[in-house]
Amino acid sequence: MNSFFLILVVIGLSVAGYAVGRARSVFAAAGDVRILHSLPSYYGMFVALGCGLPAILLLAIWLIIQPQIVDHMVMSGLDPSIMPQNADAYSLMLTDIRNLSSGNATSREASPAIVAATERYLALQSIGFWSMVVGVVCIAMLGLAWARSQISRNFRARNAVEKIIRALLIVCSMIAILTTVGIVLSLIFESIRFFARVPFFDFLFGIHWSPQTAIRAEQVGASGSFGAVPLFAGTMLITLIAMLVAGPIGLLSAIYMAEYANPKFRGIAKPMLEVLAGIPTVVYGFFAALTVAPMIRGWGEGVGLDVSSESALAAGLVMGIMIIPFVSSLSDDVINSVPQSLRDGSYGLGATKSETIRHVIIPAALPGIVGAFLLAVSRAIGETMIVVMAAGLASNLTANPFEAVTTVTVQIVTLLVGDQEFDSAKTLAAFALGLVLFFVTLGLNVVALRVVRKYREKYD
Amino acid sequence: MTDATMNSKPGTEIRRPTLTGERLKKRYAAERRFRLYGLGSILTAGLILVFLVGSITGTGYTAFLQTYIKLNISFDPEFLDPAGTGDVAQLASADYGGMVKKNLRDNFPEVTSRRDKRKLYNFVSPNAGFDLRTMVIDDPSLVGQSLDLWIKASDDIDMLTKGYVDRTLEESNRRVSDTELVWYDKLDSNDRIESRFNTDFFVKADSREPEEAGILGAVTGSLLTLVITLLLSFPIGVMAAIYLEEFAPKNKWTDLIEVNINNLAAVPSIVFGLLGLAMFLNFFGFPRSAPLVGGMVLALMTLPTIIIASRSALKAVPPSIREAALGLGASPLQVVTHHVLPLAMPGILTGTIIGMAQALGETAPLLMIGMIAFIVDVPGGFTDPATVLPVQIYLWADSPERAFVERTSAAIMVLLAFLIFMNILAVMLRKKFERRW
Chain U
0 MNSFFLILVV IGLSVAGYAV GRARSVFAAA GDVRILHSLP SYYGMFVALG CGLPAILLLA
60 IWLIIQPQIV DHMVMSGLDP SIMPQNADAY SLMLTDIRNL SSGNATSREA SPAIVAATER
120 YLALQSIGFW SMVVGVVCIA MLGLAWARSQ ISRNFRARNA VEKIIRALLI VCSMIAILTT
180 VGIVLSLIFE SIRFFARVPF FDFLFGIHWS PQTAIRAEQV GASGSFGAVP LFAGTMLITL
240 IAMLVAGPIG LLSAIYMAEY ANPKFRGIAK PMLEVLAGIP TVVYGFFAAL TVAPMIRGWG
300 EGVGLDVSSE SALAAGLVMG IMIIPFVSSL SDDVINSVPQ SLRDGSYGLG ATKSETIRHV
360 IIPAALPGIV GAFLLAVSRA IGETMIVVMA AGLASNLTAN PFEAVTTVTV QIVTLLVGDQ
420 EFDSAKTLAA FALGLVLFFV TLGLNVVALR VVRKYREKYD
Chain P
0 MTDATMNSKP GTEIRRPTLT GERLKKRYAA ERRFRLYGLG SILTAGLILV FLVGSITGTG
60 YTAFLQTYIK LNISFDPEFL DPAGTGDVAQ LASADYGGMV KKNLRDNFPE VTSRRDKRKL
120 YNFVSPNAGF DLRTMVIDDP SLVGQSLDLW IKASDDIDML TKGYVDRTLE ESNRRVSDTE
180 LVWYDKLDSN DRIESRFNTD FFVKADSREP EEAGILGAVT GSLLTLVITL LLSFPIGVMA
240 AIYLEEFAPK NKWTDLIEVN INNLAAVPSI VFGLLGLAMF LNFFGFPRSA PLVGGMVLAL
300 MTLPTIIIAS RSALKAVPPS IREAALGLGA SPLQVVTHHV LPLAMPGILT GTIIGMAQAL
360 GETAPLLMIG MIAFIVDVPG GFTDPATVLP VQIYLWADSP ERAFVERTSA AIMVLLAFLI
420 FMNILAVMLR KKFERRW
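If you read the protein sequences in the order shown, they are chains U and P.
Taking numbering that gives the first Met the number 0, the leading residue of the first sequence gets 0, the next gets one more, and so forth.
Taking numbering that gives the first Met the number 0, the leading residue of the second sequence gets 0, the next gets one more, and so forth.
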């Protein structure tokens, strides 16, 4: 018996509610459904919604709130002598209790007090669960009964149902906003906690990145340093390499497809580029690490260059391949939306096709192409798996593409993968990096979308 | 009127185009060059695609085969059932590993030194004992018999069979020593080495031993995650699209929602992972590594894709249909649910499948919420710890054993096969139901 089963029960009750409501309406009309205000199925739907919606709502709220209340009750019920003093110890003890209650290993030998707390935790959890079951089923039944009691010959069931459904539609469309708010809030809250430990400007302008914080305060290098400039530089280097690959190839492909290719060629080339876009990034990462990096290393050795096995070049090249389709499909759209009259004018003056493209179409499409490039850059900055697998962890502040660099996304992954306590500066640093990443990509997107839209309006 | 008189003042020269053949030739050459650049870049992209797929298939196809060694195994009662009780519990807890080792020694009587023995034990998979145990439990009458059986080889021997071990290298640089090569060649010349289709790769979950590792756990995890993603993102996405396209008034608020959706579509996926970690795991206290949370994160990520696709599908339904339905007395919601939505459904489904394909290939946000744990069991439910196929690929790509390289490639081939299948489905749907109004 768990929450999924409870959801099934509620759905079952709703289905029953539908049947009840329908039957009730037919009964109210004494079998002659024409005298009802709405079709019988609307009465059924009304009862089903009245039964299911409040119950599901209660279930969701309960599932979210119950853990917090149980945690609080367990921790406040602890013996004052072992009461943790600070927030870190508090969360550690809580984790211990949780682990113990699910039968996992704990960070230290469980004292009798902890075992007692675990038992209390389990007891509270099961009380909470069963009261949730009772509460949800009660609410569902009450809702069903209430909705059924509303049904009469003149009850406007269709209007009521449509009102509810319309409200649901609005709620669904708000989820996008809620997601953005959720992202911003979670990033900002964790970042504020991070900046309480590491000064803001040290993070943004420091040139030394080594996030290893020591376990004991007296160890050497006890405080990690969080200067993110090497990461920003590494990200920019890799992005630059990627754009050097994707920019020309993507743009030229787009031009060829829009201006030269016959429909048959287009019909093959366009899906092919889409396939390139559809390959998961982890596959590109594997390709970069296993095939491209050794290849570049081999070539480098051939001409006497010292190439690191996790060079920025390998990661950048493969990332460039990945974003070719973005550049090409966006530019393709832009070029296609340049009015034919401009081309005709240029041909009429005797220009060849390539002259028309270079002197008329590209300048006319430039804002859109810039927008496409900006979107591609934002994609490259946020790309994770390729760099995680091919770019390495060494935070070198270098512009040499043959050396290993690290990027913002790589560091986020390294800082957060594996077991971490959630309150160390190390983990929080990942959120600060995430915040930077979010705002940089957001800025690029907003600018790019605005540029593209403005450009469209000009010609539409 | 023919006004042929040129009003050119004396002293000013008229620039006339020099229509010499040479200049024209230059311009045409430039034209051809430009055209070639374009063609060249498309061909480059195509070649890279072929190279990528080729290199992965080239390293991966061998993972579908597994080497087996034919050994004479005697099911010695001394190991299995010394008391002769025939009790299944006794049979289940017997020392099968020891039995396999003894049989290996019996098969190679010439091996005597401790070091050589250890090398010999490395010939078969460490898990060979488990397979024999299953056999004996299924058929207890095997005890006391002696049979020629095909035993799964270890990853080193498997690599040797597949030709990944370079025999010309110095012994210290090889995973397989000279003595082992001699034994191997002896087995091979007696037809005791065979490659078979590697069914374990498809029916087992992850393992530290490459020859035991399979993708079933990861595939199941992906499936569970996608179910959650679909259940959340499809209804929410379609409903949001219906509201925005059919009901929303044109105002600031609607604009804000639209801008938001467009921006969310371009937010890096890893940021959604951070959201999942901070919100779902730390704030709401959902379980780590669970397909439930993974599915929720991916649902938020694919939501913009589905909303945008659904909106354009809804937009493509001509207004005349809405007007006709309204004219017959349908309510606005009935217009949508009875007429517009069914007509837009193929487009919506196509967009949804493409969104699901994206979600299936996504790795980074799932790393953030802990779906990267080493999990040897096939997950049985939405809250069990699980991993997904792309994460499995990432994990295997990090493993040092040579045998994991081919398994990684093979797992990629399986992932790509799923993606190709989904995309073909989307294309077919579009082709079959596409309507031009």
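Note that the Cβ used here is the ideal one computed from N, Cα and C, for glycine as well.
Beta-bridge pairing of residue i - partner residues as DSSP gives them
{"i": "Ser-145(P)", "result": "Ser-73(P)"}
{"i": "Thr-66(P)", "result": "Ser-194(P)"}
{"i": "Val-123(P)", "result": "Ala-152(P)"}
{"i": "Gly-208(U)", "result": "It is worth fixing the name first, because residue 208(U) is Trp in this sequence and not Gly. Phe-225(U)."}
Neighbour flag for residue i against chain U, beta carbons, 9 Å
{"i": "Thr-19(P)", "result": "no"}
{"i": "Met-0(P)", "result": "Bear in mind that a pLDDT of 44 at Met-0(P), under 50, signals an unreliable position, so the model cannot answer this."}
{"i": "Val-316(P)", "result": "no"}
{"i": "Glu-400(P)", "result": "no"}
{"i": "Ala-204(P)", "result": "no"}
{"i": "Glu-433(P)", "result": "no"}
{"i": "Leu-418(P)", "result": "yes"}
{"i": "Leu-263(P)", "result": "yes"}
{"i": "Met-452(P)", "result": "This structure leaves residue 452(P) out entirely; chain P is present only between 0 and 436."}
Inter-residue CB distance, residue i and residue j (contact presumed, cutoff 8 Å)
{"i": "Ala-379(U)", "j": "Glu-309(U)", "result": "Not quite, the Cβ-Cβ distance comes to about 18 Å (not below 8 Å), so this is no contact."}
{"i": "Thr-304(P)", "j": "Gly-350(P)", "result": "7 Å"}
{"i": "Ile-214(P)", "j": "Val-296(P)", "result": "Not a contact, Cβ separation roughly 22 Å."}
{"i": "Val-135(P)", "j": "Leu-79(P)", "result": "7 Å"}
{"i": "Ala-390(U)", "j": "Ile-237(U)", "result": "6 Å"}
{"i": "Ile-269(P)", "j": "Gly-381(U)", "result": "7 Å"}
{"i": "Asp-205(P)", "j": "Gly-216(P)", "result": "6 Å"}
Residue j beta carbon less than 9 Å from that of residue i
{"i": "Leu-275(U)", "j": "Met-321(U)", "result": "yes"}
{"i": "Gly-220(P)", "j": "Gly-354(P)", "result": "no"}
{"i": "Val-337(U)", "j": "Ile-360(U)", "result": "yes"}
{"i": "Glu-433(P)", "j": "Pro-345(P)", "result": "yes"}
{"i": "Ser-194(P)", "j": "Tyr-36(P)", "result": "no"}
{"i": "Ser-377(U)", "j": "Val-450(U)", "result": "no"}
{"i": "Leu-52(U)", "j": "Gly-142(U)", "result": "yes"}
{"i": "Ala-424(U)", "j": "Phe-231(U)", "result": "no"}
{"i": "Ser-288(P)", "j": "Ile-374(P)", "result": "yes"}
{"i": "Ala-402(P)", "j": "Asp-157(P)", "result": "yes"}
{"i": "His-36(U)", "j": "Arg-165(U)", "result": "no"}
{"i": "Ala-227(U)", "j": "Val-14(U)", "result": "no"}
{"i": "Asp-331(U)", "j": "Met-388(U)", "result": "no"}
{"i": "Ser-34(P)", "j": "Lys-352(U)", "result": "As written in the sequence, residue 34(P) is Arg, which differs from the Ser given in the question. Against a cut-off of 9 Å, the Cβ pair of Lys-352(U) and Arg-34(P) comes out as a contact."}
{"i": "Ile-260(P)", "j": "Ala-277(P)", "result": "no"}
{"i": "Ala-62(P)", "j": "Glu-405(P)", "result": "yes"}
{"i": "Ala-128(P)", "j": "Met-98(P)", "result": "First, the residue type needs correcting, since residue 128(P) is Gly and not Ala in the sequence shown. Cβ distance < 9 Å, so Gly-128(P) and Met-98(P) count as in contact."}
Min CB distance residue i to chain P below 9 Å
{"i": "Pro-66(U)", "result": "yes"}
{"i": "Leu-441(U)", "result": "yes"}
{"i": "Val-333(U)", "result": "no"}
{"i": "Gly-142(U)", "result": "no"}
{"i": "Val-445(U)", "result": "yes"}
{"i": "Pro-279(U)", "result": "yes"}
{"i": "Glu-382(U)", "result": "yes"}
{"i": "Glu-161(U)", "result": "yes"}
{"i": "Asn-1(U)", "result": "yes"}
{"i": "Asp-343(U)", "result": "no"}
{"i": "Val-450(U)", "result": "no"}
Under 8 Å by beta carbon: chain A residues contacting residue i
{"i": "Ile-235(P)", "result": "Looking for chain A here will not work: the only protein chains present are U and P."}
Reference residue i, options the options, closest by Cα
{"i": "Pro-125(P)", "options": "Arg-406(P), Ser-319(P), Asp-154(P) and Phe-417(P)", "result": "Asp-154(P)"}
{"i": "Ile-385(U)", "options": "Leu-121(U), Gly-315(U) and Ala-227(U)", "result": "Gly-315(U)"}
{"i": "Ala-44(P)", "options": "Leu-167(U), Ile-113(U), Pro-400(U) and Val-317(U)", "result": "Val-317(U)"}
{"i": "Ser-100(U)", "options": "Gly-370(U), Ser-148(U) and Glu-118(U)", "result": "Glu-118(U)"}
{"i": "Lys-453(U)", "options": "Ile-240(U), Ala-54(U), Ala-364(U) and Ser-423(U)", "result": "Ala-364(U)"}
{"i": "Leu-414(P)", "options": "Thr-56(P), Arg-401(P) and Arg-26(P)", "result": "Thr-56(P)"}
{"i": "Ala-324(P)", "options": "Leu-313(P), Val-339(P), Ala-315(P) and Lys-314(P)", "result": "Val-339(P)"}
{"i": "Val-282(U)", "options": "Leu-388(P), Lys-430(P), Arg-34(P) and Arg-104(P)", "result": "Leu-388(P)"}
{"i": "Ala-343(P)", "options": "Leu-428(P), Thr-253(P) and Gln-391(P)", "result": "Leu-428(P)"}
{"i": "Thr-253(P)", "options": "Ile-63(U), Met-173(U), Gly-11(U) and Ser-75(U)", "result": "Met-173(U)"}
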